[in-house]
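Using numbering that gives the first Met the number 0, the first residue of the first sequence is number 0, and each one after it goes up by one. Report on the following structure.
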Amino acid sequence: MSHKPVRVRFAPSPTGGLHLGGVRTALYNYLFAKKHNGTFVLRIEDTDQTRYVQGAEQYIIDCLEWCGIAPDEGPHRPGKFGPYRQSERKDMYRKFAEQLVRDGHAYYAFDTPEELEKMRTAFKTENNPSPQYSQATRMKMCNSLTLSKEEVEKKLSDNVPHVIRIKMPDQQEIRLNDMIRGEVVFHSHVVDDKVLLKADGMPTYHLAVVVDDHAMEITHAFRGEEWLPSAPVHVLLWQYLGWSDDMPQWAHFPLILKPDGQGKLSKRDGDRLGFPVFAMDWTDPQSGERTNGFKEMGFLPDAFINLLALLGWNDGSGQEIFSKEELVQHFSVERIHKAGAKFDFEKAKWYNHEWIKICSTDMLLPMVEDLLSSHQIHASHKMLQTTIPLTKERCHLINDFLPQLKYFFVDPVELDTAAVKPKWDEKKEAFFQSFVNEMKSLSSWNIEAIEQCFKELAQAQGLKPGDVQLPFRVMLVGGKFGPAVFEIAQLIGKDATLKRIDRGLQLFNQ
RNA sequence: GGCCCGUUGGUCAAUCGGUUAAGACGCCUCCCUUUCACGGAGGAAUGAGGGGUUCGAUUCCCCUACGGGCUACCA
Numbered sequence: 000m001s002h003k004p005v006r007v008r009f010a011p012s013p014t015g016g017l018h019l020g021g022v023r024t025a026l027y028n029y030l031f032a033k034k035h036n037g038t039f040v041l042r043i044e045d046t047d048q049t050r051y052v053q054g055a056e057q058y059i060i061d062c063l064e065w066c067g068i069a070p071d072e073g074p075h076r077p078g079k080f081g082p083y084r085q086s087e088r089k090d091m092y093r094k095f096a097e098q099l100v101r102d103g104h105a106y107y108a109f110d111t112p113e114e115l116e117k118m119r120t121a122f123k124t125e126n127n128p129s130p131q132y133s134q135a136t137r138m139k140m141c142n143s144l145t146l147s148k149e150e151v152e153k154k155l156s157d158n159v160p161h162v163i164r165i166k167m168p169d170q171q172e173i174r175l176n177d178m179i180r181g182e183v184v185f186h187s188h189v190v191d192d193k194v195l196l197k198a199d200g201m202p203t204y205h206l207a208v209v210v211d212d213h214a215m216e217i218t219h220a221f222r223g224e225e226w227l228p229s230a231p232v233h234v235l236l237w238q239y240l241g242w243s244d245d246m247p248q249w250a251h252f253p254l255i256l257k258p259d260g261q262g263k264l265s266k267r268d269g270d271r272l273g274f275p276v277f278a279m280d281w282t283d284p285q286s287g288e289r290t291n292g293f294k295e296m297g298f299l300p301d302a303f304i305n306l307l308a309l310l311g312w313n314d315g316s317g318q319e320i321f322s323k324e325e326l327v328q329h330f331s332v333e334r335i336h337k338a339g340a341k342f343d344f345e346k347a348k349w350y351n352h353e354w355i356k357i358c359s360t361d362m363l364l365p366m367v368e369d370l371l372s373s374h375q376i377h378a379s380h381k382m383l384q385t386t387i388p389l390t391k392e393r394c395h396l397i398n399d400f401l402p403q404l405k406y407f408f409v410d411p412v413e414l415d416t417a418a419v420k421p422k423w424d425e426k427k428e429a430f431f432q433s434f435v436n437e438m439k440s441l442s443s444w445n446i447e448a449i450e451q452c453f454k455e456l457a458q459a460q461g462l463k464p465g466d467v468q469l470p471f472r473v474m475l476v477g478g479k480f481g482p483a484v485f486e487i488a489q490l491i492g493k494d495a496t497l498k499r500i501d502r503g504l505q506l507f508n509q
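Encoded structure:
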């Protein structure tokens, strides 16, 4: 074990959006770094210019900040989050790729896309539907292994488009120690000669990730399981570049799967199943396509990272609600599961509900205030401070506060008359008429006085208080929900109460 | 097809050879509440199949089945 300070990186590609799997990868990296007093840095995978999406890099940073897991500055790239960008380090990669060629671990390949296609169809058999550029085929291709030295130099000086490919060794077992899976063994003869440097001079992920991880002094390289098959290439690269001693420890996280069916959770699934798959709303600047985010749907950042962390990891204690600090404290890579987990939106909402319940009114207030004002409801802080605790246990999402709180500030537009009308009669109507009169002369306006007045009057008229309580509630809030009616009446005030009863009577009598 | 990784209820999952196989979500019943929730008490529901190893396998090994990932000059 080395004693270097822990440094991990999150390396998203800025191709638009940041879905659940990505955020969880970032989160696990963050938790590991913080647990070991290390640093968590950002590296941007912008190798492929054609797919780079404007604004996506900032969007990623915004998401991480919202989640409370913003990257650290890092010593190698000052600035707010100082991400490494592959696009800015082009020369560096070429230098290392050429070094590999000189050392005999890589070679130039001049095959055109058409020639590659030809090779794939020529070698395609029933048993081998996708032939690769590998030990089996490379000697039949146009590269610096098959061409003479002069021919190669001529092509290079003529600027013939070419790539640099890794030369996989003959018969070699490539061993990789994964912190989650243990030792994984690959045989070199089944791994193909991956392109390291593309014809446009940009590196592929394989070269870039190794060069950058080395430059950034990354100690632990954690990523999704989809990278496991190419890990042997990376291990070899660390060796061939002469950096074996600095090779990070590896871990490959399980995938987050679709709730139904199977396969990786994708952007499409959100639309299909009605839940967000991105941390925050994302609008693709090119297509204009919009994908919904957890934030805008009313998730609390603490709940969001809590539910993500527990999707594939737990500390074995049965505890499910963790603050960020607790997650840092309890987290361990070794306890991350090997198998992928299906995403369950119902459980996700449960986490948020739990967080809303334990969240203080002060924390909730600004969010609720924003929600209400975006619906043209302007509520005083004083009123919010008393009504939020009254209603928060009914809210799974922050957005649920709108229906739960609205009636405290504005008269209900629609009343659930269907809940009242079947049992509505003249006797009840008479009760409310006299209740209005009684209330007008009520000297003090508090819960006890209203309740007492209501109940005594009901009894005097031979009605069970319960029979008139539901109509009263529907008049005040519009439906069959909310906290105690008399408390609501008290909070909205005498005038509003009288006004709503009046309107209720009209509607119930129609 | 090949390579790699997986497989405990519908879902998330505990168990690191011996348990009546936890707990949570969801679902159902009841209590509390003359609303909706919260809370409380219960219930139905799980070790893919087959071989080993062992006094004893959910747990270790092998095979099969199934699922997933990768198999691009994408990440």
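Glycine residues also receive a C-beta, built at the ideal position from the N, C-alpha and C atoms.
Alpha helix (DSSP H) segment containing residue i, residue limits
i, result
"L511", "Examination of residue 511 is not possible in this model, given that the chain is present from 0 through 509 alone."
"W354", "344-357"
"D466", "464-476"
"E182", "Counting along the chain, E182 falls outside any alpha helix (DSSP H), though it belongs to the beta strand (DSSP E) covering 181-186."
When the options are compared against residue i, the one with the closest alpha-carbon
i, options, result
"V5", "L17, K34, I43", "K34"
"S229", "N142, D245, V208", "V208"
"R98", "L41, L196, T290", "According to the sequence as given, residue 98 is Gln; it is not Arg. That would be L196, whose Cα lies nearest to the Cα of Q98."
"E288", "A302, F274, R267", "R267"
"W65", "G292, E413, A495, R101", "G292"
"G311", "G492, M362, A340", "A340"
"P411", "R393, F471, M138", "F471"
"Y239", "Q248, L309, M215, K166", "K166"
"G20", "P247, G260, L264, Q131", "L264"
"Q85", "K337, L206, L383", "L206"
"P482", "L414, K454, I446, F39", "I446"
"Q468", "L30, E345, L371, V419", "V419"
"M178", "R119, F31, T136, S143", "F31"
"H233", "P258, R271, F185", "F185"
"Q171", "E113, M215, L235, K139", "L235"
Where the beta strand (DSSP E) through residue i begins and ends
i, result
"Y58", "It is not in any beta strand (DSSP E) - Y58 instead sits in the alpha helix (DSSP H) that spans 55-66."
"Y51", "Careful: Y51 lies outside any beta strand (DSSP E) and carries neither H nor E."
"D270", "It is not in any beta strand (DSSP E) - D270 instead sits in the alpha helix (DSSP H) that spans 266-272."
"W423", "Here W423 belongs to no beta strand (DSSP E), and DSSP marks it neither H nor E."
"I320", "Per DSSP, I320 belongs to no beta strand (DSSP E) and is neither H nor E."
"R164", "162-165"
"L175", "172-177"
C-alpha gap between residue i and residue j, whole angstroms
i, j, result
"M0", "A378", "Bear in mind that the predicted position of M0 carries a pLDDT of just 49, short of 50, making it unreliable; the figure below should be weighed with that in mind. For M0 and A378, the distance between alpha carbons rounds to 58 Å."
"T203", "L299", "37 Å"
"F430", "E325", "56 Å"
"P11", "E87", "16 Å"
"Q318", "H188", "46 Å"
"I357", "V210", "45 Å"
"V190", "W281", "37 Å"
"W249", "P365", "41 Å"
"A488", "T496", "6 Å"
"C452", "V276", "52 Å"
"G273", "K294", "15 Å"
"T218", "E116", "39 Å"
"V100", "D314", "47 Å"
"G492", "W444", "8 Å"
"T390", "W354", "14 Å"
"S359", "S129", "57 Å"
Cut-off 8 Å between Cβ atoms - residues of its own chain near residue i, not counting five sequence neighbours on either side
i, result
"Q432", "L504"
"W349", "H395"
"K498", "D410"
Contacts around residue i, its chain only, beta-carbon distance under 7 Å, and the 5 residues preceding and following it disregarded
i, result
"N351", "F298, L299, A302, H395, L396"
"E224", "H251, F252, P253, L254"
"G200", "K89, R93"
"P13", "I43, D45, Y51, V52, A55, E56, I59"
"L441", "A448, C452"
Distance cut-off 7 Å: residue i Cβ against heavy atoms of the ligand FAD
i, result
"N305", "The model depicted lacks the ligand FAD and carries no ligand whatsoever."
Residues that DSSP places opposite residue i in a beta bridge
i, result
"T282", "R289"
"Q248", "H219"
"F277", "H18, G292"
"L256", "K263, K341"
"N142", "A108"
"L196", "I163, P202"
"Y83", "R42"
Contact set for residue i: own chain, Cβ-Cβ below 6 Å, skip 5 residues either direction
i, result
"N398", "G297"
"W423", "F507"
"P168", "S187"
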